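Contents: one structure, followed by commentary.
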Amino acid sequence: MSKPQIKAFVFDAYGTLFDVHSVIEKCNELFPDKGEEISKVWRQKQLEYSFLRQLMGKYTTFLEITKDALYYACKEAGVELSEGNKKELIKSYLKLEHYEEVESVLKELSSFQKAIFSNGSLDMLTPLVDQSSFGHLLDEVLTVDEVKQFKPTPMSYQLVLEKLGVRREEVLFMSSNPWDIAGATSFGFYTAWINRQDKVMDELGVKPHYEYRDLNGILEHIE
2 MSKPQIKAFV FDAYGTLFDV HSVIEKCNEL FPDKGEEISK VWRQKQLEYS FLRQLMGKYT
62 TFLEITKDAL YYACKEAGVE LSEGNKKELI KSYLKLEHYE EVESVLKELS SFQKAIFSNG
122 SLDMLTPLVD QSSFGHLLDE VLTVDEVKQF KPTPMSYQLV LEKLGVRREE VLFMSSNPWD
182 IAGATSFGFY TAWINRQDKV MDELGVKPHY EYRDLNGILE HIE
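All the letters of the sequence shown, read from the start, carry residue numbers 2 to 224 under the working numbering.
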């Protein structure tokens, strides 16, 4: 396969640039020995609720979905979520740790367009990116909130083309989420699955064009 002529490197945020499970420490602080369980279910329900709301035609922001998913996760774990604890945990989602190679990779891509494209709403993404060390290296932070269509719908990915002024075949889209990679590949982007946890790709009839352990792998496209 010949290398595509990429003009825009587009990154999913959660799980790709930022570690969603860096909230475990705060969860354990508030609910001892329940942190890993709460974090896992919180993320699972966060995704499920975005998919289900898309199917039901009941769009709401990712912040509201994140709050609902947290409430469910705590209820399933058998702990009571006070208003104060909820605020602390939501705040922790605005301060997620980023993966160690992110900043250095973005610096290497200085001559290309670089954007985040996320299901997250700006009330979550803006503080998250601002507290990171690499926000200044990004050209755009794009959210599905503009079209009120969650990924992986085709209409959501269309936003990238409109905002960045590129064609589908000029985009390399990175995500650690197999469902997101499937959606972006189906839409017509070149895709790189950042398979940080050595997972198995979902069977959805499409495969990523590339697969890497971390973001350093994408640098082969600028050589």
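Using N, Cα and C, we set each Cβ at its ideal position, and we do this for glycine too.
Model, not experiment: these values are computed from the prediction.
Opening and closing residue of the beta strand (DSSP E) in which Glu212 lies: Tyr211 to Tyr213 is the span of the beta strand (DSSP E), which, as asked, contains Glu212.
Length of the line joining the Cα atoms of Tyr191 and Phe174: Rounded to whole angstroms, the separation of the alpha carbons of Phe174 and Tyr191 is 6 angstroms.
Reduced DSSP category for Lys92 - H, G, I as helix; E, B as strand; rest coil: In the three-state DSSP reduction, Lys92 falls in the helix class (H, G or I).
Inter-residue spacing [alpha-carbon to alpha-carbon] between Tyr213 and Glu102: A straight line joining the alpha-carbon of Tyr213 with that of Glu102 spans about 13 angstroms.
Assumed close pair Phe113, Ala9 - CB separation to whole angstroms, cut-off 8 angstroms: Sure, about 7 angstroms apart at Cβ, within 8 angstroms.
DSSP three-state assignment for Phe118, whether helix, strand or coil: In this structure, Phe118 counts as strand in the three-state DSSP scheme.
Residues near Thr154 by beta carbon distance below 7 angstroms, same chain, minus five either side: Sequence-distant partners of Thr154 (beyond 5 residues in either direction) whose C-beta falls short of 7 angstroms from its own C-beta, in its chain, are Gln55.
Contact set for Val106: own chain, Cβ-Cβ below 8 angstroms, skip 5 residues either direction: Taken in chain order, the residues that qualify are Leu216, Asn217, Ile219 and Leu220.
N-terminal and C-terminal residue of the beta strand (DSSP E) that Thr192 is part of: Run containing Thr192: Tyr191 to Ile195, per the beta strand (DSSP E) assignment.
Touch test, the segment 131-148 against the segment 24-40, Cβ-Cβ under 8 angstroms, three pairs minimum: Too few Cβ pairs lie closer than 8 angstroms, so no.
Exposure of Met57, with buried meaning 16 or more beta-carbon neighbours within 10 Å: Residue environment for Met57: exposed (fewer than 16 other C-beta atoms within 10 angstroms of its C-beta).
Own chain, CB closer than 8 angstroms to Lys200, minus 5 neighbours either side, in chain order: Taking Lys200 as the centre and dropping the five residues before and after it, the same chain places the C-beta of Pro179 closer than 8 angstroms to its C-beta, in chain order.
Spatially closest choice to Glu1 from Glu84, Glu26 and Glu65, by CA coordinates: The structure shown does not extend to residue 1, since the chain is modelled only from 2 through 224, so no value can be given for it.
Beta-carbon proximity of Val161 to Leu143, cut-off 8 angstroms: It is a contact, given that the beta carbons lie within the stated cut-off.
Assigned exposure category for Asp181 - 16 Cβ within 10 Å defines buried: Here Asp181 is buried. Its C-beta has 16 or more other C-beta atoms within 10 Å.
In DSSP terms, what Leu143 is bridged to: In the DSSP secondary-structure assignment, Leu143 is bridged to Phe118.
Backbone CA spacing between Lys4 and Tyr50 [nearest angstrom]: Approximately 36 angstroms between the Cα atoms of the pair.
Three-state class that DSSP yields for Tyr15 in the structure shown: If DSSP states are grouped into helix, strand and coil, Tyr15 belongs with the strands.
Cβ-Cβ separation, Asp20 to Glu98 (assumed contact under 8 angstroms), whole Å: That belief holds up - the Cβ atoms of Glu98 and Asp20 are roughly 5 angstroms apart, short of 8 angstroms.
Where Met202 falls: helix, strand or coil (DSSP): It is coil, neither helix nor strand.
Option nearest Val24 by Cα separation, candidates Leu95, Tyr60, Lys76 and Glu65: The candidate whose alpha carbon is nearest that of Val24 is Leu95.
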